[in-house]
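Asks:
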């Protein structure tokens, strides 16, 4: 029999996975519709075909998600082999994609909010997708169980890790420190990173005072610790650090990965409904992020830096702050979540692109290193951060820096140029769409729109970039050093729909 804790953990993991799958499916379906509309394919039967294709994919994704969660759990809890394990895991997979669920999804989809008649053969397609996905999962499960069988006969028992003494949910601080040092030994030769997150519950003292410590210990803290553990599981480890603080360590996480993970955890707390003494409670967290070896040569040094960053985050609450270098007094983007190196690179690129009205600069890595005086490692981290935000594109190579050329996008200018402060991308884009419709032509040049609005290229380019990015218009791109990012704008039904919105 699978342990009850295994099934409970799987259920919690799948809740997050299903939210992610539903969101991705909805976004993909919306994108399909936008693309179809831009091509004039607006018939309901075409939209239904798009929906059915995404729905079949969602069934496959659901099976894949169950298998991925099972693998993570088996590794995390070191599930022992037994003769019925394979059949139990397969039955567990089938429970998440029952024929009844597939049949129900044919006619009513709660994720997309659609109620439609289905085309002939769609029921067969969904069941065929289910059977095919479960067959693939079954093969993976058999291989997984065979591996466990081999391990059970060849490996010595592994010592259990020391848990937090009071709640037995997270690890003890000593265990986390010990594992951190072991990871240093493993990652040192390949120059990997270990992220250290210092997490503080905002306004926890007020919560403790209102409901009393025994009630908080009983109703709130176990739920909060389980929420942290569900995110950290397999990716790293977490320990309770004082009454309202937690420490998370994540091996092989660079600055971009660590900040992205922290943001997901911050949003999870922000959206989670805790129940204390029968009452709904909301709470946020402030997170400081440090990296080994960038911010310290050992655990204590990185933890101290992460704690200091956490204090900065706590000044505004519900915030994530990456460790700032002590020597950096004037930071250009203090609330961006970027490291000092990321802010420095963004500022440099924006300064170079004041002549972006004559074409966005494509800069070589050697030029950037020389003129910013950044280290190769600092530039690599900064470029990764800006790329993750969509502020730059790069031509990758196998060097230590990771790119040969770097080019800013319109979004870097929008976020870093003081002249564009307060820019509303949707409103500017809507204004462009309305102006284009009023000119009553199927295609027109950006220069014509700029002259009509009396806008400079630096304002018009981001607005048109927003229209293209969201699928509200089609464009032909400019080449060379034109001050305009595009040479032509083509009106679509989506352009007209945006222009007519009130």
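Numbering (the numbering used here), first residue to last: 3 to 504. Just so it is clear, CB atoms sit at the ideal spot from N, CA and C, and this is done for glycine as well. These numbers were taken from a predicted model, which means no experiment stands behind them.
Would you check if the region 176–187 and the region 212–230 touch, i.e. whether three or more CB-CB distances between them fall below 8 Å?
Replies: Because the criterion of three Cβ pairs below 8 Å is not met, the region 212–230 and the region 176–187 do not touch.
Asks: Between the alpha carbons of residue 441 and residue 454, how many angstroms are there, rounded?
Replies: For this step, residue 441 is matched to residue 439 along the chain shown. For this step, residue 454 is matched to residue 452 along the chain shown. One C-alpha to the other measures close to 9 Å.
Asks: For residue 289, report the span of its beta strand (DSSP E) as first-last.
Replies: The sequence position of residue 289 within the chain shown is 287, counting from 1. Counting along the chain, the beta strand (DSSP E) containing residue 289 begins and ends at 287–294.
Asks: Once DSSP output is grouped into helix, strand and coil, what is the label at residue 332?
Replies: On the chain shown, position 330 is the one that residue 332 refers to. Confidence is the limiting factor: at residue 332 the pLDDT is only 47, short of 50, which leaves the residue's position unreliable, though a coordinate-based value still follows. Of the three classes helix, strand and coil, the one that applies to residue 332 here is coil, per DSSP.
Asks: Going straight from the alpha carbon of residue 379 to that of residue 344, what length do you get?
Replies: The count along the chain shown starts at 1 and reaches residue 379 at position 377. The count along the chain shown starts at 1 and reaches residue 344 at position 342. Each residue's Cα considered, the two are about 12 Å apart.
Asks: So for residue 317, helix, strand or coil by DSSP?
Replies: By one-based count along the chain shown, residue 317 stands at place 315. It is helical.
Asks: When DSSP builds the beta bridges, which residues end up paired with residue 2?
Replies: In the structure as shown, the chain begins at 3 and stops at 504. Residue 2 is therefore absent and cannot be evaluated.
Asks: Could you please give me the residues that DSSP links to residue 247 through a beta bridge?
Replies: For the purposes of this step, residue 247 is taken as residue 245 along the chain shown, with counting starting at 1. Answer is 202, bridged to residue 247.
Asks: Do residue 174 and residue 181 have their beta-carbon atoms positioned less than 8 Å apart in this structure?
Replies: Against the chain shown, residue 181 aligns to sequence position 179. Against the chain shown, residue 174 aligns to sequence position 172. No. Outside cutoff.
Asks: So which of 291, 301, 130 and 296 has the shortest CA-CA distance to residue 311?
Replies: Here the question's residue 311 lines up with position 309 in the chain shown. Of 291, 301, 130 and 296, the residue nearest in Cα terms is 291.
Asks: Can you tell me whether residue 400 is helix, strand or coil according to DSSP?
Replies: Along the chain shown, read from residue 1 onward, the residue named residue 400 stands at position 398. Residue state, collapsed to three classes: coil.
Asks: Please report the distance separating the alpha-carbon of residue 70 from that of residue 143.
Replies: Numbered from 1 along the chain shown, position 68 holds the residue referred to as residue 70. Numbered from 1 along the chain shown, position 141 holds the residue referred to as residue 143. Computed Cα separation, rounded: 10 Å.
Asks: Measure the C-alpha to C-alpha separation of residue 67 and residue 238 and round it to an integer number of angstroms.
Replies: In the chain shown, the residue the question calls residue 67 occupies position 65. In the chain shown, the residue the question calls residue 238 occupies position 236. Roughly 20 Å separates the two Cα atoms.
Asks: Going by beta-carbon coordinates alone, are residue 505 and residue 387 separated by less than 8 Å?
Replies: There is simply no residue 505 to check, as the chain begins at 3 and stops at 504 in what is shown.
Asks: Going by DSSP, what residues sit across from residue 253 in a beta bridge?
Replies: Taking the first residue of the chain shown as 1, we reach residue 253 at position 251. BP columns for residue 253 point to 196.
Asks: Out of 393, 294, 269 and 5, state which residue places its alpha-carbon closest to the alpha-carbon of residue 348.
Replies: Numbered from 1 along the chain shown, position 346 holds the residue referred to as residue 348. Ranking 393, 294, 269 and 5 by Cα distance to residue 348 puts 393 first.
Asks: Assign residue 277 to one of two classes, buried (16 or more other C-beta atoms within 10 Å of its C-beta) or exposed (fewer than that).
Replies: Here the question's residue 277 lines up with position 275 in the chain shown. Exposed, since its Cβ has fewer than 16 Cβ neighbours within 10 Å.
Asks: Excluding the 5 residues preceding and the 5 following residue 21 in the sequence, name in chain order all residues of the same chain whose CB lies nearer than 6 Å to its CB.
Replies: Translated into the one-based positions of the chain shown, residue 21 becomes position 19. None.
Asks: Just to confirm before moving on: does the CB-CB distance between residue 36 and residue 56 stay below 8 Å?
Replies: Here residue 36 refers to the residue found at position 34 of the chain shown. Here residue 56 refers to the residue found at position 54 of the chain shown. It is not a contact, given that the beta carbons lie outside the stated cut-off.
Asks: With which residues is residue 395 paired in a DSSP beta bridge?
Replies: Taking the first residue of the chain shown as position 1, residue 395 is located at position 393. In DSSP, residue 395 forms a bridge with 409.
Asks: Counting Cβ pairs closer than 8 Å, one from the region 224–239 and one from the region 266–275, do we hit at least three?
Replies: Touching, yes, given that three or more Cβ pairs across the two stretches are closer than 8 Å.
Asks: Specify, as a first and last residue, the run of the alpha helix (DSSP H) that residue 230 falls within.
Replies: What you label residue 230 is simply residue 228 of the chain shown in a count that begins at 1. Looking at the DSSP string, the run of the alpha helix (DSSP H) that includes residue 230 is 223–234.
Asks: For residue 205, is the classification buried or exposed, using 16 other Cβ atoms within 10 angstroms of its Cβ as the cut-off for buried?
Replies: Residue numbering aside, residue 205 sits at position 203 when the chain shown is read from its first letter. So residue 205 ends up on the exposed side.
Asks: Between which two residues does the alpha helix (DSSP H) harbouring residue 179 extend?
Replies: Position 177 of the chain shown, counted from the first residue, corresponds to residue 179. Segment 175–189, the alpha helix (DSSP H) holding residue 179.
Asks: Relative to the alpha-carbon of residue 398, which residue among 307, 365 and 131 has its alpha-carbon at the smallest distance?
Replies: Against the chain shown, residue 398 aligns to sequence position 396. The shortest C-alpha separation from residue 398 is found at 365.
Asks: Between 391, 372, 208 and 201, which lies nearest to residue 283 when the distance is taken from Cα to Cα?
Replies: For the purposes of this step, residue 283 is taken as the residue at position 281 of the chain shown. Answer by Cα proximity: 208.
Asks: Around the C-beta of residue 461, are 16 or more other C-beta atoms found within 10 angstroms, so that it is buried, or is it exposed?
Replies: To locate residue 461, count along the chain shown from 1; it is residue 459. Looking at its Cβ environment, which holds 16 or more other Cβ atoms inside 10 Å, residue 461 is buried.
Asks: Mind checking who residue 28 pairs with in its DSSP beta bridge?
Replies: Counting from one through the chain shown, the residue named residue 28 turns up at place 26. The partner list for residue 28 (beta bridge, DSSP) is empty, contrary to what the question assumes.
Asks: Reducing DSSP to helix, strand and coil, say where residue 238 ends up.
Replies: By 1-based counting over the chain shown, the position of residue 238 is 236. Residue 238: coil per DSSP, three-state reduction.
Asks: Work out the CA separation of residue 413 and residue 435 for me, nearest whole Å.
Replies: Position 433 of the chain shown, counting from 1, holds the residue named residue 435. Position 411 of the chain shown, counting from 1, holds the residue named residue 413. Cα to Cα, residue 435 sits roughly 19 Å from residue 413.
Asks: Which value, in whole angstroms, describes the spacing of the CA atoms of residue 498 and residue 104?
Replies: By 1-based counting over the chain shown, the position of residue 498 is 496. By 1-based counting over the chain shown, the position of residue 104 is 102. Cα-Cα distance, rounded: 37 Å.
Asks: Under 8 Å by Cβ, that's how I've got residue 260 and residue 172 pegged, so tell me the actual separation to the nearest angstrom.
Replies: The sequence position of residue 260 within the chain shown is 258, counting from 1. The sequence position of residue 172 within the chain shown is 170, counting from 1. That belief does not hold up - the Cβ atoms of residue 260 and residue 172 are roughly 19 Å apart, past 8 Å.
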